[in-house]
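This report concerns only the one structure given below.
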Amino acid sequence: MNGYFSCRRSTGNQTLLIFRQPYKVARLNGRNHYVDDFLSMRSRKVHSTTIYRLHTRQVKASASSDVVSNLLQSVGFEDASTASLILAKTAGLGMSLGAVGLFSPIILRMVLNRSGEGISLTTFWLQLLGFSSVFVYNYTKNFPFSAYGENLSLAAQSLAVLVTAAHYQQRAGAGFVLALAAYFGWMACALGGAFSPAALSAMQVAGTAILTGAIVPQIVLNHKRKDAGEWSVITALLSTSGNAVRVFTTLQLTGDPLMLTGYVLGFAVNAVLLFQIVHYRRCGAALRPAGRRA
Numbered sequence: 007m008n009g010y011f012s013c014r015r016s017t018g019n020q021t022l023l024i025f026r027q028p029y030k031v032a033r034l035n036g037r038n039h040y041v042d043d044f045l046s047m048r049s050r051k052v053h054s055t056t057i058y059r060l061h062t063r064q065v066k067a068s069a070s071s072d073v074v075s076n077l078l079q080s081v082g083f084e085d086a087s088t089a090s091l092i093l094a095k096t097a098g099l100g101m102s103l104g105a106v107g108l109f110s111p112i113i114l115r116m117v118l119n120r121s122g123e124g125i126s127l128t129t130f131w132l133q134l135l136g137f138s139s140v141f142v143y144n145y146t147k148n149f150p151f152s153a154y155g156e157n158l159s160l161a162a163q164s165l166a167v168l169v170t171a172a173h174y175q176q177r178a179g180a181g182f183v184l185a186l187a188a189y190f191g192w193m194a195c196a197l198g199g200a201f202s203p204a205a206l207s208a209m210q211v212a213g214t215a216i217l218t219g220a221i222v223p224q225i226v227l228n229h230k231r232k233d234a235g236e237w238s239v240i241t242a243l244l245s246t247s248g249n250a251v252r253v254f255t256t257l258q259l260t261g262d263p264l265m266l267t268g269y270v271l272g273f274a275v276n277a278v279l280l281f282q283i284v285h286y287r288r289c290g291a292a293l294r295p296a297g298r299r300a
């Protein structure tokens with residue numbers, strides 16, 4: 007029987023099988039699998055080694071100890087790959103933990119100032135829906151938590167900012183409460199398996215578009231007011247750098263093009279917002295002494 011593989015590495019929604027020869031049959035968990043049966047297969051040569059990338063929904067086997075040993079004892083391409091994977095998982099977990107306090111500075115500023123001035127409710131409604139959509143998509147796809155964990159805490163924080171800002175802006179009426187009830191109902195259905203895989207993919211696309219567009223109302227509001235209001239520069243900086251890190255971790259952990267597109271666009275719009283905050287506050291600081299002299 008030919009086609010035994012010498013190394014296997016799982017990376018999110020893909021499994022890397024390394025063959026010493028370009029066989030058409032792979033033996034996995036005691037069963038024979040024809041390479042042609044797998045979806046999204048692509049191959050390339052690396053030092054006479056043929057590498058096939060296959061979706062893990064077709065390959066559900068867990069890595070055995072001998073496979074792990076082969077992986078860790080490999081040289082060249084495999085070593086660099088393993089180091090990148092470990093770095094990506096570490097960075098991903100760091101992102102998930104660091105995101106816990108991302109919007110806390112905004113909430114703190116509102117509470118201390120007893121004001122929701124300059125906070126766009128539209129932006130945080132969109133962010134709540136966007137982060138929730140991305141979380142549901144990744145959760146149902148069984149991606150590693152390190153690849154998307156921050157979306158759960160960011161959705162919760164967006165909800166907290168939304169409620170706090172609506173309270174101080176005196177806009178937490180019956181319509182607001184009804185919208186919140188609809189949101190929680192939608193989340194219950196999504197996590198309960200009420201949506202098809204196609205609907206979940208559409209949800210991810212929508213989430214990407216929403217998160218990109220969510221910042222736009224805030225950017226427009228800042229431009230009109232020539233001021234960033236209660237938006238925190240720390241939050242904007244963490245959002246910008248976080249999206250940059252997520253571009254790397256997505257490439258290493260899942261390779262999902264929908265997620266990658268979202269993080270690239272997220273980096274761009276958050277960078278614009280960060281520039282606005284720094285620019286307008288510098289301008290404001292420069293004008294205040296002049297006003298006092300007058």
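Heads up, the sequence shown is in the working numbering, so the first residue is 7 and it goes up one at a time. Even for Gly, the Cβ is constructed at its ideal location relative to N, Cα and C. These figures come from a predicted structure and were not determined experimentally.
If you check the beta carbons only, do SER126 and LEU217 fall under 8 Å apart? no
Cutoff 6 Å; reference LEU206; Cβ partners in own chain excluding five residues on either side: Here the set comprises TYR143, THR146.
Looking at the structure shown, is THR260 part of a helix, part of a strand, or coil, going by DSSP? coil
Suppose contacts are defined by Cβ-Cβ distances below 8 Å. Is MET209 in contact with SER139 by that definition? yes
With distances taken from CA atoms, which of PRO111, LEU103, ALA274 is nearest ALA220? Checked all of PRO111, LEU103, ALA274; the closest Cα to ALA220 is ALA274.
Nearest neighbour of ALA172, chosen from SER247, GLY104, ILE113 [CA to CA]: ILE113
Give, in chain order, every unbroken run of the alpha helix (DSSP H) that is at least 4 residues long and sits entirely within the stretch 117-155. Correct list: 127-146.
Buried or exposed: THR96, going by 16 or more other Cβ atoms within 10 Å of its Cβ? THR96 comes out exposed.
Where THR281 falls: helix, strand or coil (DSSP): The identity of residue 281 in the sequence shown is Phe, whereas the question assumes Thr. Helix at PHE281.
Neighbourhood of ARG177 by C-beta distance below 7 Å, restricted to the same chain and skipping five residues each side: LEU127
Looking at the secondary structure, which residues open and close the alpha helix (DSSP H) in which GLY213 lies? 203-231
GLY124 and ASP233 look like a contact to me (Cβ under 8 Å); what is the Cβ gap, rounded to whole Å? 7 Å
Other residues of its chain near ALA105: CB distance less than 6 Å, five sequence neighbours each side excluded: GLU156, SER159, LEU160
Could you tell me which of ARG287, ILE92, THR246, GLY268 sits nearest to GLY136, measuring between CA atoms? Closest option to GLY136, Cα to Cα, is GLY268.
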